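Written out as structure tokens, the structure reads:
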């Protein structure tokens, strides 16, 4: 069982008394700060002399490395042990109209290497101290060196304390700071979220520390390896509740506010710390002495929107305890839905924060998709309680180990809680196919990057990408497949128990998985786990495996969407992988084959006549597959004659592989298009979704050209049977299909049917929407279909439909309903409405900051909106960058979303000019996305030029 920290009632009372003292000092700090700020302003406008807050001239005689404060990585001379932290957020604006918080911190640290400096992170905090410096230093059971000077380094986010003498190695010291910060609405650090309930504006003080924002809340050693125990006290208004990672120990009311203290946390990283002040309500249950609570706005709780989350949390925790063979290490599990939150969710240990759309479910208003998102996100975040929180990566270059793992096992946790959904199959669509497109670019990068490539906050934010999440999930799933899940779980359990409350690098996981392999008789793998997996994690990309069934020859090659692109990143493995190939011959599973070289032979794969070979069964491996032309023909014939002879995953895989092999000029484009001919007989969701995603590339490339007419006619022909199928089984759209995936495919049938112009589809959506407009209190549209119906009704309507949707959006009490309407309003074909909508993204009172960049992307997906969004972003780049570009995980998506259609020389020229014109402003966490956009656009131009005539001819012939 993981260690849980408890303290006695007497100690709790002592903490409360300490907090009262802290309250008095913080009140004094608030007064002193105004004087200090005025003094600093006066000093900084003078003759350039130091005021204690900017970098002074440093004596050159110190026996320390030169300018350690210029490095983005902390020196290895100090290590934190614990923090005593008191915070007081104000939920009312001050006389300047600002929301602020004040605080006091005592960080206890040990000196492990001799140094004359204390260097600790602090960003956008105003520090004050009665001794004229920005901090006080004391030592336990000894005297501390005197402070010579203190200053802030804005570039590297440091508070630097210069000492008169070196610290003593092995001795423990305490750094005391008092500070004030702004409780801004920037969604970072300790920030402000706003909402309206019953006509009253409410304020929430909440936090988001990952990856480098804890330093905005209090001075700290803000790196994942700098784990410590946190003793948190929060001062807050009497009519609010305070939450943090630990369970509440007690409260004390004073004239100035209520003081809440919390049990000490487990030893953990700063990015997992959380604190919230709000007037939310909650529902609760207990799972093996662990208190489980779901928190949200009072109306949301009253409307029972938290009940589904509460229902599935207990079973998911129970599953992970068994899967990891490690007990849940804390005394409580709080989960809270926030009105403003930049990420989808955050795995703060014991206090997980979510967007409302990721936690709240209304059984009447919410859709099946909303329900699956909620269980998937909960399963992802709870997986982190062990993998990421209990055991944490040493540095952000190995982020994939945290996020890839959680992205994989979330499917296992969700499947346990909802076993009838077959949710584990969705990893192929939502992770593997998603990341293939990014990892096939020459500008991709390995899962594990060199530490010196990941230093600045922007570089760290760039690691929160599809590579870390989705490729990480795919390669770990592949590893689990060839080791077997039992061996994989055994190795994980050993790893977690060995490194509990500590930090690791990826090699540590390989060591423990290898131990599990060595202790499993009969398990045979061709190399060590290290040797196999290093090729998948230390070099970027993935292979295409080519099987020639005429000879039994098998080969591998680094797959690139643009084969003419230059890969600047060398690989120690020469872009060769150890590839586990599960395969079947004419419907019979065969013994797994390992491709260990560039080329090899397997005589069993040589077939003739009507026999066929299919490799990568159930898409267990992270690679693409190509065949000789004869085997491709046999597989295409099988699809058209008996498609159910192949699993839904392999039908989806054949389509996705063929389309991407065609883009890479490995097979002919017409071969890829032929994989869609059988779709008129297909009713399963996963193959259809795979096909529509592949065909969407053709739509994006050709919907502004003469090709689109024939393409549209062909797709109408293929989607018509699916549309009629669901019309029949739903009794003319009055019911919902029983199957989980069938409900998704019904959405595809209506959405694509309306897009391609199937008779009656547009009228169906318009009539449903019109009925709602006539009676806003009663929405006749089934929740599953709302997003599609709203979009097409607004696209085919005018300003009346748009304005109605806007009113419903502003009045929505369920976040997922508001999200559907927000996305649907981007579907209008009226340029003036789209331009107005773009302007709304600059106003947080209209579009919340958490949704601004996503809304611009939604508009860019619209063929009418794309050039408008592109112009808007170019004009507003400085504002957009300042608001979202310095560290937002979602910022890279803005560049990717707007440039998806770019396929002309003119657009490439504009893109390069945009990059050149904004070098001074920068691209922050979207820097890599900018390079990838240029690479993709270049590849699109080539592909369109080479394939346009052929594609037009094929669609013309097949739609006749």
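Residue numbers (this note's numbering): 28 to 987. For glycine and all other residues, C-beta sits at the position ideal for the given N, C-alpha and C. These numbers were taken from a predicted model, which means no experiment stands behind them.
{"Item": "Residue 271 vs residue 289 beta-carbon contact at 8 angstroms", "Value": "yes"}
{"Item": "Residue closest to residue 868, alpha-carbon to alpha-carbon, out of 859, 929, 880", "Value": "880"}
{"Item": "Residue closest to residue 624, alpha-carbon to alpha-carbon, out of 608, 617, 618, 636", "Value": "608"}
{"Item": "Beta carbon of residue 191 nearer than 8 angstroms to that of residue 173", "Value": "yes"}
{"Item": "Three-way DSSP call (helix, strand, coil) for residue 411 in this model", "Value": "helix"}
{"Item": "Exposed unless 16 or more other CB atoms sit within 10 angstroms - verdict on residue 898", "Value": "exposed"}
{"Item": "Simplified DSSP assignment, three categories, for residue 971", "Value": "helix"}
{"Item": "Contact set for residue 962: own chain, Cβ-Cβ below 8 angstroms, skip 5 residues either direction", "Value": "468, 469, 470, 589, 592"}
{"Item": "Own chain, CB closer than 7 angstroms to residue 542, minus 5 neighbours either side, in chain order", "Value": "518, 521"}
{"Item": "Residue interval of the alpha helix (DSSP H) (run including residue 200)", "Value": "No alpha helix (DSSP H) holds residue 200; the beta strand (DSSP E) holding it covers 199-209."}
{"Item": "Spatially closest choice to residue 995 from 812, 171, 732, 553, by CA coordinates", "Value": "No answer is possible for residue 995: it lies beyond the span of the chain, which begins at 28 and ends at 987."}
{"Item": "Identity of the residue in 348, 964, 553, 166 nearest residue 933 by Cα", "Value": "964"}
{"Item": "Three-way DSSP call (helix, strand, coil) for residue 580 in this model", "Value": "strand"}
{"Item": "Residue 781 versus residue 673: straight-line alpha-carbon distance, rounded", "Value": "30 angstroms"}
{"Item": "Check whether residue 526 and residue 538 have beta carbons under 8 angstroms apart", "Value": "no"}
{"Item": "Residue interval of the beta strand (DSSP E) (run including residue 148)", "Value": "144-148"}
{"Item": "Candidates 239, 195, 231, 133: closest to residue 992 by CA position", "Value": "Not covered by the structure: residue 992. The range shown for the chain is 28 to 987."}
{"Item": "Strand pairing of residue 627, partner residues [DSSP]", "Value": "581"}
{"Item": "Neighbourhood of residue 163 by C-beta distance below 7 angstroms, restricted to the same chain and skipping five residues each side", "Value": "156, 203"}
{"Item": "Residue environment, residue 214, which counts as buried when at least 16 other CB atoms sit within 10 Å", "Value": "buried"}
{"Item": "Three or more C-beta pairs below 8 angstroms linking the stretch 473-482 and the stretch 229-245", "Value": "no"}
{"Item": "Rounded straight-line distance, which links the Cα of residue 850 to that of residue 877", "Value": "14 angstroms"}
{"Item": "Nearest-angstrom Cα separation, counted from residue 486 out to residue 423", "Value": "9 angstroms"}
{"Item": "Closest Cα partner of residue 531 within the set 419, 767, 941", "Value": "419"}
{"Item": "Residue nearest to residue 567 in terms of C-alpha spacing, selected from 600, 552, 553, 889", "Value": "600"}
{"Item": "For residue 381, the three-state DSSP class (helix, strand or coil)", "Value": "strand"}
{"Item": "Terminal residues of the beta strand (DSSP E) in which residue 280 lies", "Value": "275-280"}
{"Item": "Cut-off 7 angstroms between Cβ atoms - residues of its own chain near residue 586, not counting five sequence neighbours on either side", "Value": "467, 568, 569, 570, 571, 651, 691"}
{"Item": "DSSP-derived helix/strand/coil call for residue 711", "Value": "coil"}
{"Item": "Range covered by the beta strand (DSSP E) that runs through residue 217", "Value": "216-224"}
{"Item": "CA nearest to the CA of residue 142, picked from 708, 944, 394, 96", "Value": "96"}
{"Item": "Minimum C-alpha distance to residue 823 - residue among 805, 551, 792", "Value": "792"}
{"Item": "Same chain, Cβ closer than 7 angstroms to residue 507, neighbours up to 5 away in sequence not counted", "Value": "515"}
{"Item": "Inter-residue Cα distance where the pair is residue 42 and residue 194", "Value": "Below a pLDDT of 50, predicted positions are generally treated as unreliable, and residue 42, at 41, falls in that range; the measurement from the model is reported next regardless. C-alpha separation (whole angstroms): 29 angstroms."}
{"Item": "Presumed contact (8 angstroms Cβ cut-off) between residue 640 and residue 622, rounded CB distance", "Value": "The Cβ separation is near 14 angstroms, so there is no contact."}
{"Item": "For residue 775 and residue 355, the rounded distance between their alpha carbons", "Value": "40 angstroms"}
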